[in-house]
Amino acid sequence: MLMLIHDYRLLLFLMFQGADMLAKGLTKLGFAPCVLHGGKGQDAREYSLAALKDGSKDILVATDVAGRGIDIKDVSLVLNYDMAKSIEDYTHRIGRTGRAGKHGKAITFLTPEDKDVFYDLKQCLLESPISTCPPELANHPEAQQKPGTFVPKKRQDETLYRN
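For the sequence shown, the positions run -25 to -1, 1 to 138 when mature numbering (1 follows the signal peptide of the UniProt record, and there is no 0) is used.
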(Lines of atoms letter the chains of each structure in order from A and count residues from 1; the text may use other names and numbers.)
(Lines give C-alpha, C1' and ligand atoms only; values in the text may rest on other atoms or scores of the structure.)
Protein backbone atom coordinates (compact mmCIF):
# COMPACT_ATOMS: atom_id res chain seq x y z
CA MET A 1 0.00 0.00 0.00
CA LEU A 2 2.82 2.43 0.75
CA MET A 3 4.10 2.13 -2.82
CA LEU A 4 0.62 2.97 -4.05
CA ILE A 5 0.54 6.15 -1.97
CA HIS A 6 3.66 7.52 -3.67
CA ASP A 7 1.94 7.54 -7.06
CA TYR A 8 -1.10 9.63 -6.11
CA ARG A 9 -2.26 12.85 -4.53
CA LEU A 10 -4.11 11.24 -1.67
CA LEU A 11 -7.11 12.00 0.48
CA LEU A 12 -7.27 9.44 3.30
CA PHE A 13 -10.53 9.16 5.28
CA LEU A 14 -10.88 7.63 8.72
CA MET A 15 -12.72 8.11 11.96
CA PHE A 16 -11.62 10.95 14.24
CA GLN A 17 -9.86 8.88 16.89
CA GLY A 18 -6.96 7.88 14.66
CA ALA A 19 -6.39 10.81 12.30
CA ASP A 20 -3.55 12.50 14.19
CA MET A 21 -1.88 9.20 15.07
CA LEU A 22 -2.01 7.96 11.47
CA ALA A 23 -0.54 11.25 10.22
CA LYS A 24 2.36 10.90 12.68
CA GLY A 25 3.00 7.36 11.44
CA LEU A 26 3.00 8.53 7.81
CA THR A 27 5.46 11.30 8.71
CA LYS A 28 7.84 8.71 10.21
CA LEU A 29 7.64 6.81 6.90
CA GLY A 30 8.75 9.88 4.96
CA PHE A 31 5.41 11.25 3.79
CA ALA A 32 4.20 14.80 4.31
CA PRO A 33 0.63 14.49 5.62
CA CYS A 34 -1.67 17.14 6.99
CA VAL A 35 -4.77 16.54 9.12
CA LEU A 36 -8.31 17.86 8.84
CA HIS A 37 -11.01 16.96 11.38
CA GLY A 38 -13.68 18.60 13.49
CA GLY A 39 -11.39 18.80 16.53
CA LYS A 40 -9.05 21.18 14.70
CA GLY A 41 -9.56 24.93 14.90
CA GLN A 42 -10.39 26.95 11.80
CA ASP A 43 -6.79 28.19 11.43
CA ALA A 44 -5.43 24.63 11.52
CA ARG A 45 -8.02 23.50 8.96
CA GLU A 46 -7.16 26.34 6.60
CA TYR A 47 -3.44 25.61 7.01
CA SER A 48 -3.98 21.95 6.10
CA LEU A 49 -5.96 22.81 2.97
CA ALA A 50 -3.44 25.47 1.90
CA ALA A 51 -0.50 23.09 2.46
CA LEU A 52 -2.13 20.42 0.33
CA LYS A 53 -2.97 22.93 -2.41
CA ASP A 54 0.54 24.43 -2.55
CA GLY A 55 2.16 20.99 -2.60
CA SER A 56 4.07 21.24 0.68
CA LYS A 57 1.90 18.36 1.95
CA ASP A 58 1.05 15.33 -0.18
CA ILE A 59 -1.59 13.51 1.88
CA LEU A 60 -4.67 14.85 3.61
CA VAL A 61 -5.74 12.62 6.50
CA ALA A 62 -9.34 13.60 7.18
CA THR A 63 -12.62 12.71 8.78
CA ASP A 64 -15.99 13.26 7.14
CA VAL A 65 -15.58 17.00 7.71
CA ALA A 66 -13.68 16.95 4.37
CA GLY A 67 -16.26 14.77 2.67
CA ARG A 68 -18.61 17.59 1.74
CA GLY A 69 -18.29 21.13 0.53
CA ILE A 70 -14.51 21.35 0.38
CA ASP A 71 -12.94 21.60 -3.06
CA ILE A 72 -9.55 19.94 -3.16
CA LYS A 73 -8.11 19.97 -6.66
CA ASP A 74 -6.23 17.13 -8.32
CA VAL A 75 -6.97 14.42 -5.76
CA SER A 76 -6.26 11.24 -7.68
CA LEU A 77 -6.87 8.70 -4.91
CA VAL A 78 -9.38 8.55 -2.08
CA LEU A 79 -8.50 5.87 0.46
CA ASN A 80 -11.25 4.99 2.92
CA TYR A 81 -9.16 3.56 5.74
CA ASP A 82 -12.39 3.45 7.77
CA MET A 83 -15.63 2.98 5.84
CA ALA A 84 -18.19 5.76 6.13
CA LYS A 85 -21.20 4.96 8.31
CA SER A 86 -23.68 5.69 5.50
CA ILE A 87 -23.64 5.21 1.75
CA GLU A 88 -24.36 8.93 1.33
CA ASP A 89 -21.19 9.86 3.23
CA TYR A 90 -19.26 7.26 1.22
CA THR A 91 -20.51 8.81 -2.03
CA HIS A 92 -19.42 12.28 -0.91
CA ARG A 93 -16.01 10.97 0.12
CA ILE A 94 -15.25 9.26 -3.18
CA GLY A 95 -16.61 12.29 -5.02
CA ARG A 96 -13.45 14.15 -3.98
CA THR A 97 -11.49 12.32 -6.70
CA GLY A 98 -11.78 12.37 -10.47
CA ARG A 99 -13.36 15.81 -10.57
CA ALA A 100 -13.73 18.00 -13.65
CA GLY A 101 -13.31 15.11 -16.05
CA LYS A 102 -10.06 13.90 -14.52
CA HIS A 103 -9.43 10.29 -13.60
CA GLY A 104 -9.29 9.12 -10.03
CA LYS A 105 -9.50 6.01 -7.90
CA ALA A 106 -11.15 5.11 -4.63
CA ILE A 107 -10.13 2.22 -2.39
CA THR A 108 -12.16 1.22 0.66
CA PHE A 109 -11.19 -1.15 3.45
CA LEU A 110 -14.10 -3.03 5.03
CA THR A 111 -14.32 -4.86 8.33
CA PRO A 112 -17.15 -6.89 9.89
CA GLU A 113 -18.12 -3.74 11.82
CA ASP A 114 -19.14 -2.16 8.49
CA LYS A 115 -21.81 -4.80 7.80
CA ASP A 116 -24.64 -2.25 8.02
CA VAL A 117 -23.47 -0.65 4.75
CA PHE A 118 -22.52 -3.84 2.86
CA TYR A 119 -25.83 -4.07 1.00
CA ASP A 120 -25.92 -0.40 -0.02
CA LEU A 121 -22.26 -0.42 -1.01
CA LYS A 122 -22.77 -3.50 -3.14
CA GLN A 123 -25.74 -1.86 -4.88
CA CYS A 124 -23.76 1.35 -5.42
CA LEU A 125 -20.85 -0.53 -6.99
CA LEU A 126 -23.08 -2.72 -9.16
CA GLU A 127 -24.97 0.33 -10.49
CA SER A 128 -21.78 2.26 -11.31
CA PRO A 129 -20.61 2.06 -14.92
CA ILE A 130 -16.95 2.41 -13.87
CA SER A 131 -16.72 0.48 -10.60
CA THR A 132 -16.47 -3.20 -9.91
CA CYS A 133 -17.88 -5.03 -6.93
CA PRO A 134 -15.42 -7.54 -5.48
CA PRO A 135 -16.87 -11.03 -5.13
CA GLU A 136 -16.10 -11.03 -1.40
CA LEU A 137 -18.61 -8.20 -0.99
CA ALA A 138 -21.08 -9.38 -3.65
CA ASN A 139 -21.35 -12.82 -2.03
CA HIS A 140 -21.15 -11.75 1.61
CA PRO A 141 -24.26 -12.83 3.59
CA GLU A 142 -24.68 -9.31 5.02
CA ALA A 143 -24.76 -7.85 1.48
CA GLN A 144 -27.71 -9.95 0.33
CA GLN A 145 -30.46 -7.85 1.89
CA LYS A 146 -30.85 -4.39 3.33
CA PRO A 147 -30.32 -4.33 7.11
CA GLY A 148 -33.60 -4.47 8.97
CA THR A 149 -35.40 -6.31 6.17
CA PHE A 150 -37.62 -9.08 7.48
CA VAL A 151 -37.00 -12.34 5.69
CA PRO A 152 -39.37 -15.08 6.80
CA LYS A 153 -37.77 -18.42 7.45
CA LYS A 154 -38.84 -21.28 5.23
CA ARG A 155 -41.00 -23.84 6.86
CA GLN A 156 -39.19 -27.07 6.31
CA ASP A 157 -40.57 -30.49 6.89
CA GLU A 158 -43.83 -29.10 8.24
CA THR A 159 -46.64 -31.59 8.41
CA LEU A 160 -50.23 -30.40 8.57
CA TYR A 161 -52.82 -32.77 10.00
CA ARG A 162 -56.52 -32.72 9.24
CA ASN A 163 -59.16 -34.48 11.21
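Where is the CB? At the ideal position from N, CA and C, for every residue including glycine.
Check                                                                                                                                                       : Outcome
In its own chain, which residues sit with a C-beta less than 6 Å from the C-beta of leucine 52, not counting the 5 before and 5 after it?                   : Tyr(-18), Leu(-16), Lys80
Would you identify the three-state DSSP class for lysine 77, choosing helix, strand or coil?                                                                : coil
Given a cut-off of 8 Å on the beta-carbon distance, is the pair aspartate 33 and valine 10 in contact?                                                      : no
My guess is that cysteine 99 and isoleucine 62 are in contact by the Cβ rule of under 8 Å, so how many angstroms apart are they, rounded?                   : 6 Å
Could you tell me if isoleucine 69 is buried or exposed, where buried requires 16 or more neighbouring beta carbons within 10 angstroms of its beta carbon? : buried
Nearest CA to the CA of valine 92: which residue from Thr38, Leu35, Asp57, Leu(-14)?                                                                        : Asp57
So the candidates are Pro122, Gln119, Leu(-4); which of them puts its Cα closest to the Cα of asparagine 55?                                                : Leu(-4)
Determine the direct distance from the alpha carbon of serine 31 to that of leucine 24, and round the result to whole angstroms.                            : 10 Å
According to DSSP, simplified to helix, strand and coil, what is isoleucine 34?                                                                             : strand
What's the C-alpha gap between glutamate 102 and phenylalanine -13?                                                                                         : 23 Å
By how many angstroms is the C-alpha of leucine 4 removed from the C-alpha of methionine -11?                                                               : 21 Å
Expressed to the nearest angstrom, what Euclidean distance is found between the alpha-carbon atoms of histidine 78 and threonine 72?                        : 7 Å
Locate the alpha helix (DSSP H) running through cysteine 99, then write down its first and last residues.                                                   : 93 to 102
Roughly how many whole angstroms lie between the Cα atoms of tyrosine 94 and alanine 37?                                                                    : 25 Å
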